[in-house]
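So for the sequence shown, full-length UniProt numbering puts the first residue at 1; every next one is plus one.
A virtual CB, placed ideally from N, CA and C, is assigned to each residue, including glycine.
Here the structure comes first, spelled out in structure tokens, and everything after it is commentary.
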Amino acid sequence: METTTAVNPFLEGNFAPVREEMTSDPLKVIGELPTDLSGMFVRNGPNPQWTPIGQYHWFDGDGMLHGVEIRHGKASYRNRYVRTRGFEIEQKAGKAVWSGILEPPQPDSDGYKNAANTALVWHAGQLLATWEGGAPHAIEVSQLETKGEYTYNGKLASAFTAHPKVDPVTGEMMFFGYSFAPPFVKYSIVSPQGELLRTIPIELPMGVMMHDFAITANYTIFMDLPMTFNPARMQRGEPGLMFERDRPSRFGILPRHGDSDSIRWFESSSCYVFHTLNAYEEGDEVVLIACRMSSTNVFVTQPEQRDPDGDIPRLHSWRFNLSTGTVREEMLDDVPIEFPRVNENLLGRKTRYGYVGKMAPTPLPLFDGSIKYDLQAGYAQTYEYGKGRYGGEAVFVPRPDATVEDDGWLVTFVYDTDADTSELLVLNAQDLSSDPVARVLIPQRVPYGFHGTWVSQQQLDASV
């Protein structure tokens with residue numbers, strides 16, 4: 001198979017990988033880092049170590065962690081590859097061994113490589129790098145060195161979603177793994193101490209790509225959306241994974257500790273959701289807030305097959321009435337947005353505020369600002385990064401001992417296309433119209449990536 005020859009936009013500009021792993025301390029700060037902002041921001045993303053085989057998709061690259069540790073008003077930076085088994089094999093070979101998701105698996109490889117490149121979760125004293133097709137990888141903080149695959153003492157019986165949910169009240173963590181063979185979804189609960197307690201199958205009519213889910217105080221919400229896997233399509237030479245616009249969307253609401261017999265399914269209009277903002281209970285209703293798109297072209301390779309209205313996510317709510325069985329779907333804003341976050345101290349409970357990336361009007365997934373939604377007042381406030389400046393997911397960092405929901409900061413990496421430089425931007429989450437609290441200058445370019453997390457000083461000190 002030929003290696004990539006045509007220019008791939010995800011291998012150019014600030015999507016292109018950086019190959020150097022470095023540590024830099026201290027960093028130059030414009031403005032002033034608050035003394036009570038203490039911990040480490042870590043973001044995951046794809047960063048191929050070798051020239052890809054065949055067509056490269058942004059989801060394919062080896063995971064690389066970029067971390068900024070902040071303490072006493074000073075900051076340091078380090079970046080490290082997630083050293084997965086596949087990474088180590090390819091490093092030893094000196095070339096790519098695995099092809100990506102747009103290509104058939106290499107005949108001499110075992111399926112697709114676990115790239116550990118998507119997101120991060122902190123639970124039970126452990127930082128995990130996630131990738132929805134396989135096991136998570138344990139990461140040592142604050143050095144960002146890889147400890148290895150994390151399988152809960154061999155109890156992990158499925159893949160592991162990129163977006164597990166930690167209940168801030170009970171300390172439990174919920175996750176699921178989807179596959180393209182029955183049972184199509186397995187759902188698991190991990191104790192606050194980090195023990196995998198149980199795994200149950202969730203019955204679906206067919207295999208689907210299920211990227212995210214949501215929790216409330218008492219329920220877990222699964223999204224059976226029409227990004228379907230059909231082996232018969234593959235036999236016809238068509239994509240195995242494809243969005244089917246004529247199929248409805250289904251939302252399954254399961255009591256957290258229930259089994260597959262206790263799940264209730266609600267049907268709604270055809271759509272796709274990559275990321276949920278939050279969910280909560282209100283009277284007889286379970287409310288889900290997420291970034292909804294009418295369809296997605298994520299695995300479409302032929303331009304003529306693309307839906308021009310696809311891949312435009314907007315903030316929506318769904319209200320599932322557990323008494324009447326009805327669904328009410330509503331668009332909350334018509335601005336294209338993605339990468340939603342809340343104050344995770346309130347995850348699964350009704351939140352007033354949500355934070356999202358404002359999508360730039362470009363063919364590529366670029367974000368030119370951050371938006372704060374006041375969901376109670378129906379109001380939005382936007383911080384624009386500035387001309388030629390693009391950021392990523394903005395993570396909410398609560399101020400220690402805060403008494404109101406939005407008392408804290410938003411942190412994200414921002415890249416300046418003119419200067420070819422990157423920085424960590426720290427914004428006042430209570431007032432996005434104000435100037436940045438601080439800009440931490442990074443000594444190398446930080447490529448665009450996926451999801452990050454904030455590891456507090458207390459968590460750093462308690463890490464295992």
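Backbone secondary structure at residue i - three-state DSSP
i: Trp265; result: strand
i: Asn14; result: helix
i: Ser260; result: helix
i: Phe87; result: helix
i: Ala59; result: In the sequence as displayed, the identity of residue 59 is Phe instead of Ala. In the structure shown, Phe59 sits in a helix (DSSP, three-state: H, G or I).
i: Met242; result: strand
i: Ser456; result: strand
i: Asn345; result: helix
i: Asp374; result: strand
i: Glu20; result: coil
i: Arg247; result: coil
i: Asp416; result: strand
i: Arg236; result: coil
i: Ala181; result: coil
i: Pro443; result: coil
i: Pro340; result: strand
i: Pro231; result: helix
i: Ala93; result: helix
i: Pro255; result: strand
i: Thr5; result: In this prediction, Thr5 has a pLDDT of 49, which is less than 50 and means its spatial position is unreliable; what the coordinates show is noted afterwards. Three-state DSSP puts Thr5 in coil, outside helix and strand.
Neighbourhood of residue i by C-beta, 7 Å cutoff - its chain only, sequence neighbours within 5 removed
i: Arg349; result: Ala217, Tyr280
i: Leu204; result: Phe184, Val185, Asp224
i: Ser38; result: Ile70, Arg71, Gln457
i: Ser191; result: Glu172, Leu197
i: Arg352; result: Asp374, Leu375, Gln376, Glu405
i: Asp307; result: Ser295, Asn297
i: Pro400; result: Asp36
i: Leu364; result: Pro9
Per DSSP, cross-strand counterpart(s) of residue i
i: Trp318; result: Leu288, Glu329
i: Ala214; result: Ile221
i: Met359; result: Phe367
i: Val404; result: DSSP output for Val404 lists no bridge partner at all.
i: Trp409; result: Val397, Asn428
i: Tyr150; result: Answer by DSSP bridge pairing: none, since Tyr150 is not bridged.
i: Val121; result: Leu128
i: Ser76; result: Glu69
i: Gly281; result: A quick correction: the sequence has Glu, not Gly, at residue 281. DSSP lists Val286 as partners of Glu281.
i: Ala209; result: According to the sequence provided, residue 209 is Met. The question's Ala does not apply to it. Met209 is not bridged to any residue.
i: Ile189; result: Met174, Arg198
i: residue 465; result: This structure gives no information on residue 465, because the portion of the chain shown stretches from 1 to 464.
Same chain, Cβ closer than 6 Å to residue i, neighbours up to 5 away in sequence not counted
i: Arg319; result: Glu285, Val287, Arg328
i: Phe266; result: Phe251, Phe320, Val327
i: Asp309; result: Ser294
i: Gln49; result: Asp62
i: Asp212; result: His163, His275, Thr276
i: Leu254; result: Thr220, Ile263
i: Ile215; result: Lys165, Met174, Gly348
i: Pro168; result: Asn345, Leu347
i: Thr421; result: none
i: Arg80; result: Glu21, Leu65, Leu144
i: Asn343; result: Phe396, Pro398, Glu405
Contacts around residue i, its chain only, beta-carbon distance under 8 Å, and the 5 residues preceding and following it disregarded
i: Gly206; result: Reading off the sequence, residue 206 comes out as Met, not Gly. Closer than 8 Å at Cβ, skipping near neighbours: Phe184, Thr228, Phe229, Asn230.
i: Thr417; result: Gly13, Asn14, Gly388, Arg389, Tyr390
i: Ser433; result: Gln381, Tyr383
i: Gly240; result: Phe180, Phe229, Asn230, Pro231, Arg233, Met234
i: Ala360; result: Leu366, Phe367, Asp368, Tyr390
i: Gly125; result: Gly194, Gln459, Ala462, Ser463, Val464
i: Thr324; result: Asp284
Supposed contact pair residue j and residue i - C-beta distance, whole angstroms, cut 8 Å
i: Phe450; j: Asn44; result: 6 Å
i: Met22; j: Leu460; result: Wrong, their Cβ atoms sit about 20 Å apart, outside the cutoff.
i: Lys113; j: Gly86; result: 4 Å
i: Ser24; j: Ser76; result: 6 Å
i: Pro52; j: Gly100; result: 6 Å
i: Val446; j: His66; result: 5 Å
i: Ile312; j: Pro336; result: 5 Å
i: Leu427; j: Phe413; result: That belief does not hold up - the Cβ atoms of Leu427 and Phe413 are roughly 13 Å apart, past 8 Å.
i: Val208; j: Tyr187; result: At roughly 14 Å, the Cβ-Cβ gap does not stay under 8 Å, so Val208 and Tyr187 are not in contact.
i: Arg247; j: Val273; result: Wrong, their Cβ atoms sit about 14 Å apart, outside the cutoff.
Residue i CB to nearest heavy atom of the ligand SAH below 7 Å
i: Ala360; result: Looking for the ligand SAH in the displayed structure turns up nothing, as the structure carries no ligands at all.
Beta carbon proximity, residue i to chain C, threshold 8 Å
i: Leu346; result: As a matter of chain content, chain C is missing from the structure shown, which is built from one protein chain.
message: Within 8 Å, do at least three Cβ pairs link the stretch 85-94 to the stretch 119-136?
response: The answer is no - the stretch 85-94 does not touch the stretch 119-136, with fewer than three Cβ pairs under 8 Å.
field: At least 3 beta-carbon pairs within less than 8 Å: the stretch 11-21 vs the stretch 368-383
entry: Inter-segment contact for the stretch 11-21 and the stretch 368-383 is absent: fewer than three beta-carbon pairs are separated by less than 8 Å.
message: Three or more C-beta pairs under 8 Å: does that hold for the stretch 20-35 against the stretch 438-446?
response: As far as the Cβ criterion goes, the stretch 20-35 touches the stretch 438-446, which means the pair count is three or higher.
query: Do the stretch 58-67 and the stretch 114-122 touch if we need at least three Cβ pairs shorter than 8 Å?
result: Per the Cβ contact rule, the stretch 58-67 is in contact with the stretch 114-122 (3 or more Cβ pairs under 8 Å).
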